[in-house]
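Enquirer: Going by the numbering used here, the first residue of the sequence shown is number 2, and it counts up by one from there.
Even glycine gets a Cβ: it sits at the ideal position worked out from N, Cα and C.
Note that the structure is a prediction, hence the values are computed from the model and not measured.
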Amino acid sequence: MSRILAISDLQAPYHHSGAVGFLSRVAKELKPDYVVCLGDELDQYTLSKYPHNPDADSGGTEYRKAIRVWKEIYKLFPSAYAVTSNHVERVAKRAVESGIPSAYLKSIKEFMQAPDGWKWKDSWVLEGVKYEHGERAGGLTGLRNLVIANQRSTVIGHQHECPGTTYVSNGERVLWGLNVGCLVNSNSHGLSYTKRNRHKPVLGCGVIIDNVPYFYPY
Numbered sequence: 002m003s004r005i006l007a008i009s010d011l012q013a014p015y016h017h018s019g020a021v022g023f024l025s026r027v028a029k030e031l032k033p034d035y036v037v038c039l040g041d042e043l044d045q046y047t048l049s050k051y052p053h054n055p056d057a058d059s060g061g062t063e064y065r066k067a068i069r070v071w072k073e074i075y076k077l078f079p080s081a082y083a084v085t086s087n088h089v090e091r092v093a094k095r096a097v098e099s100g101i102p103s104a105y106l107k108s109i110k111e112f113m114q115a116p117d118g119w120k121w122k123d124s125w126v127l128e129g130v131k132y133e134h135g136e137r138a139g140g141l142t143g144l145r146n147l148v149i150a151n152q153r154s155t156v157i158g159h160q161h162e163c164p165g166t167t168y169v170s171n172g173e174r175v176l177w178g179l180n181v182g183c184l185v186n187s188n189s190h191g192l193s194y195t196k197r198n199r200h201k202p203v204l205g206c207g208v209i210i211d212n213v214p215y216f217y218p219y
């Protein structure tokens, strides 16, 4: 069994200012064998379905700021298993809506300017545990239902407000779910849609040690 670090939802450049330093500290303490990135690496606010703040950055400025952040993270983690996610796929969705063929688009790895050690797909199974972004889960109850549907222990991001663990058993085996939280700046333009939400984002990441899940708060 291994030590796995699971991170999610920086939504750069609308990430928390201490996110990179936090991940550096956790990595030094944990010394992970693997890193899993559960998506929403970029916010892509300018492609959002929500009303845009006219004082926010242009799409080009937002992208350049975000990639600068990710280049710092690549120095910490030169390799990672990454999953596709709703924020990062906003470009592809806009292309479909506009009738632009996929041949004209860059891959996620290309526009993320990621090193060779980073690879993306919809989900990964590592040591029997499934890692996916988490659009199919709402809250810890949704995570529990996702574990049951997957019939395996599952790690997700996506849901900013409800990190933590949940367990289910059929009497013969125990399965668990872990929501790893996020590393967003809830006061930023990109998160303005959460301003009146009762529950606010909880910052942190996930750690799985010898197949036991932990939420590691910021």
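1. Could you tell me which residues DSSP pairs with T166 in its beta bridges?
2. As a quick exercise: from N151, I8, G118, Q45, pick the residue whose alpha carbon is nearest that of R95.
3. Terminal residues of the continuous alpha helix (DSSP H) containing S1?
4. Between I157 and S124, what straight-line distance do the alpha-carbon atoms span, to the nearest angstrom?
5. Which residue wins for smallest C-alpha separation from G178, given the options P218, G135, N186, P202?
6. Measuring only the C-alpha atoms, how far is T155 from A57?
7. Where does the unbroken beta strand (DSSP E) through T155 begin, and where does it stop?
8. Count the other CB atoms, across all protein chains shown, that sit within 10 Å of the CB of V181; report buried if there are 16 or more and exposed otherwise.
9. Return the chain-ordered list of same chain residues with a C-beta closer than 6 Å to the C-beta of I209, the five sequence neighbours on each side being excluded.
Expert: Let me lay it out:
1. L179
2. Q45
3. Residue coverage of the chain in this structure runs from 2 to 219, which leaves residue 1 outside it and unanswerable.
4. Whole-angstrom Cα-Cα distance: 10 Å.
5. For G178, the nearest C-alpha among the options comes from G135.
6. One C-alpha to the other measures close to 36 Å.
7. Run containing T155: 155-157, per the beta strand (DSSP E) assignment.
8. buried
9. I5
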